[in-house]
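Q: Supplied in structure tokens, the structure appears directly below.
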Amino acid sequence: MTTTRADFDKVMVPNYAPAGFIPVRGHGSRLWDQSGREYVDFAGGIAVSAVGHTHPAVVAALKNQADKLWHVANVMTNEPAIRLAQKLIEHTFAERVFFANSGAEANEAAL
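Under the working numbering, think of the first position of the sequence shown as 738, with each following residue one higher.
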């Protein structure tokens with residue numbers, strides 16, 4: 738059964754207006770819809786995922802980490818997070834870092 742944009746409109750809260758097509762595959766800056774039609778993805782992802790689709794280095798890093806430990810939120814920490822924080826402090830003005838997944842959390846931390 739094919740899912741359509743009309744299905745989206747029936748079940749999702751209308752706070753965003755996504756494209757009229759449904760992407761099912763992506764590579765680099767390209768997307769393909771359910772019919773195989775190719776599009777240029779001018780958004781390319783959001784926030785920290787703006788590296789295009791299926792970049793080999795990103796896919797390898799995700800697979801490697803997924804084999805070890807998945808998401809533990811901010812109630813615990815993990816080795817990659819600590820190593821990244823150390824690199825950020827070493828190469829920027831920051832004395833400490835706060836990892837967040839949304840602008841709301843970033844604003845709360847700033848307050």
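Just so you know, even glycine gets a beta-carbon here, dropped at the ideal spot from N, CA and C.
#1: Per DSSP, what are the beta-bridge partners of Y776 in this structure?
#2: Quick check: what's the CA-CA separation for A822 versus S772?
#3: Should the segment 790-807 be regarded as contacting the segment 758-769, the criterion being three or more beta carbon pairs within less than 8 Å?
#4: If you run the structure through DSSP and keep just helix, strand and coil, what is H808?
#5: Just verifying my parser: in three-state terms, what is the DSSP assignment at G781?
#6: Residues in its own chain within less than 8 Å of V795 by CB, not counting five upstream and five downstream?
A: In this structure, then:
#1: L768
#2: 43 Å
#3: yes
#4: coil
#5: coil
#6: V788
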